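**Student:**
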Amino acid sequence: MTEKKENPQAGNPLHGVTLEMMLNQLVDHYGWEELGKIINIRCFNYDPSIKSSLKFLRKTPWARKKVEDLFRWLKASESYLSGDES
111 MTEKKENPQA
121 GNPLHGVTLE
131 MMLNQLVDHY
141 GWEELGKIIN
151 IRCFNYDPSI
161 KSSLKFLRKT
171 PWARKKVEDL
181 FRWLKASESY
191 LSGDES
């Protein structure tokens, strides 16, 4: 008999998503200006770039958490609007 192992990451919207992927999707969706208003951190408001933002976010847990939380919210709202609540 083979046992099926449940994937503990199955319900995790961040599973398989890198910080760079999250940041790119957020910038594509909101743009730097709006993202800087939502998450008020210097790297989003002054001469923003993916590279400098990733460097800051990797070193700053509180800021990374804000980005991850916004990404989760964006994905949840997209799922809700598309009718896919899985």
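Every letter in the sequence shown is one number past the one before it in the working numbering, and letter 32, counting from 1, is 142. We put the CB at the ideal spot given by N, CA and C, even for glycine. As the structure is a prediction and not an experimental result, all values here were calculated from the model.
(1) Can the beta-carbon of I149 be found closer than 8 Å to that of V177?
(2) Are the C-beta of Y140 and some C-beta of chain B separated by less than 8 Å?
(3) Quick one: is M132 buried, meaning 16 or more other Cβ sit within 10 Å of its Cβ, or exposed?
(4) Could you please give the first and the last residue of the uninterrupted alpha helix (DSSP H) stretch that includes L124?
**Tutor:** Taking the definition as stated:
(1) Along the sequence shown, one-based indexing puts residue 149 at 39. Along the sequence shown, one-based indexing puts residue 177 at 67. Contact flag set, yes.
(2) No chain B appears in the structure shown, which is made up of a single protein chain.
(3) Counted from its first residue, the sequence shown places residue 132 at position 22. The residue is buried, with at least 16 neighbouring Cβ atoms inside 10 Å.
(4) Residue mapping note: residue 124 aligns to position 14 of the sequence shown, counting from 1. Element bounds for L124: n/a, residue is neither H nor E.
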